[in-house]
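Inspection log for the structure reproduced underneath, given as structure tokens.
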Ligand code: MZP
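Numbering (the numbering used here), first residue to last: -13 to 493.
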């Protein structure tokens, strides 16, 4: 006979947080958003023997083609979070993305807008529109790490006046006239050269004149203004990578060799023997590396991943993703709030019994900043987001304009579009009869840095209202209330006209 559990499946929108006493020390500058990402022993932590692995902000980006490429991973690590580079691509390409993040030296950018001298101005326009980068390196091979010929910027030609069939070699500033930095130069020295020569961009070359990287004047300030930057012990940016339960032996090795700090087993249903087999292999092969497992939505799933598979953190969520149709297609899943509350309770019980704390990641269904605050209050240590990041400048897709508004494409990993990569690898895909994700567009929301700053400000303000200064206190002190539909209506604006919906006429 089927078993029916008592409560209904609940979502974030059904809850609100109650304010608690705000003391004078509860100001945003005192609030820390550091979040554990690796299991640890409470006792060893108290004795000072444990070096806890933490994110500086509790956000990770979803392992999805439309989300976590190397540019987004760099931008997110600089804000204190971590990206999971997607595994729905060939192993060498994924490893290359990880490598690009690890090799990114703050302020030193490997040029990804390059053309050979014979390319035409129209190619430069096309490249600029595609990447949004206005400085193009002109190199002998048309790619980075070949001999530098010159630099072409938007100021060197006028798209609407010059003949776009002309070669870029006639318009760029040739290498002889450029101020150059030499490989090994420090960021401080490079910045001084930029200031002294009143330049915006300094190409760094090796002894043979090959382009190594570019230093931009604006990046210096950017670097200074990112105090939360998340790095490994060698001061390289922190990055994660997703793996699947099929080619994990080969893939994980390539990713670890490329420098991945965290491996996360990517599956919509992680309560499986494949997941256990994969996690145990990774632990045996790579020792102390951080391993994430999931996704689960029940306490049984949590216990299995923690006790049997011994993962370091557990990802919670099935069917709540903004592009996900798993629940419609298979009838499998659970409201994200219910799933999270049950799994976090199981985590706390496990911690009480064993003294081991296992971080929880709430994955999918974050529709606004309030949902992040609720997820953290419900016990999540950090949240994984797809749509939130797909909307930003740094996601790996091109902007499109539709009816005067700017959008970015966003598609699920279970959509045909995402799964197509395997066709190139092994010919026609066998066995895939239905999709679990859709192919969609999301509104463009600007740079990741600006977006994260606003979200962080809101979370810190809410934590001050609750009277807590860190996430552990939030887990202990938060009090949630369920909301009626009428409470939701009351919470919105009432009987006022929004300026953007009416035409204001000047008198
Ligand atoms: P969201 O932040 O866009 O709401 O959700 C992102 C999450 O949706 C991912 O981290 C992943 O767990 C899940 N996802 C990704 N693709 C699919 C799909 O095609 C999916 N069904 O459910």
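All C-beta atoms, glycine included, are put in the ideal place defined by N, C-alpha and C.
In the DSSP annotation of this structure, residue 403 is not part of any beta strand (DSSP E); the continuous alpha helix (DSSP H) holding it starts and ends at 402 to 405. Remark: the C-beta of residue 309 is in contact range of the ligand MZP, defined as less than 7 Å to any heavy atom. Taken from the Cβ of residue 230, every heavy atom of the ligand MZP lies 7 Å or farther away.
Here the C-alpha atom of residue 107 lies approximately 16 Å from the C-alpha atom of residue 126. Residue 349 is positioned such that its CB atom lies closer than 8 Å to that of residue 303. The alpha carbon of residue 15 has as its nearest neighbour, out of 456, 476 and 463, the alpha carbon of 456. Residue nearest to residue 164 within the set 184, 150 and 171 is 184 (criterion: CA-CA distance). Judged by DSSP in its simplified three-state form, residue 14 adopts helix. When the Cα atoms are used, residue 441 and residue 248 turn out to be separated by approximately 24 Å. Listed in chain order, the non-local C-beta contacts of residue 313 below 7 Å within the same chain comprise 305 and 319, local neighbours out to five positions each way being set aside. Membership of residue 435 in any beta strand (DSSP E) is not indicated; the residue belongs instead to the alpha helix (DSSP H) covering 434 to 452. Bounds of the alpha helix (DSSP H) holding residue 324 are 322 to 340.
In the displayed model, residue 430 falls within coil according to three-state DSSP, outside both helix and strand. Under DSSP, residue 258 shares a beta bridge with no residue. DSSP places residue 371 in the uninterrupted beta strand (DSSP E) bounded by 368 to 371.
Rounded to the nearest angstrom, the gap between the Cα atoms of residue 326 and residue 429 is 28 Å.
Residue 48 places its beta carbon less than 8 Å from that of residue 372. Using a cutoff of 7 Å, the CB of residue 281 counts as near the ligand MZP, since one of the ligand's heavy atoms is closer than that. Between the ligand MZP and the CB of residue 374, the shortest heavy atom gap is smaller than 7 Å. In this structure, residue 401 has its beta carbon less than 7 Å from a heavy atom of the ligand MZP. At a threshold of 7 Å, residue 355 does not count as near the ligand MZP, since its beta carbon sits no closer than that to any of the ligand's heavy atoms.
Taking all protein chains shown into account, residue 487 has fewer than 16 neighbouring C-beta atoms within 10 Å of its C-beta and is therefore exposed. Remark: C-beta atoms of residue 381 and residue 52 approach each other more closely than 8 Å.
Distance from the C-beta of residue 23 to the nearest heavy atom of the ligand MZP is not below 7 Å. A distance below 8 Å separates the beta carbons of residue 397 and residue 425. With a cutoff of 8 Å on beta-carbon distance, residue 438 and residue 43 are scored as near each other. Scanning its chain for C-beta atoms nearer than 6 Å, with the 5 sequence neighbours on each side dropped, one finds around residue 215 the residues 64, in chain order. Here the alpha carbons of residue 218 and residue 54 stand approximately 19 Å from one another.
For residue 22, the secondary structure class from DSSP, reduced to helix, strand or coil, is strand. In this structure, the ligand MZP has a non-hydrogen atom nearer than 7 Å to the beta-carbon of residue 422. A straight-line Cα-Cα distance of about 29 Å links residue 139 and residue 84. One alpha carbon belongs to residue 144, the other to residue 187, and they sit about 20 Å apart. If you look at residue 394, you'll find it in the beta strand (DSSP E) that goes 391 to 397. A direct Cα-Cα distance of roughly 6 Å separates residue 39 from residue 24.
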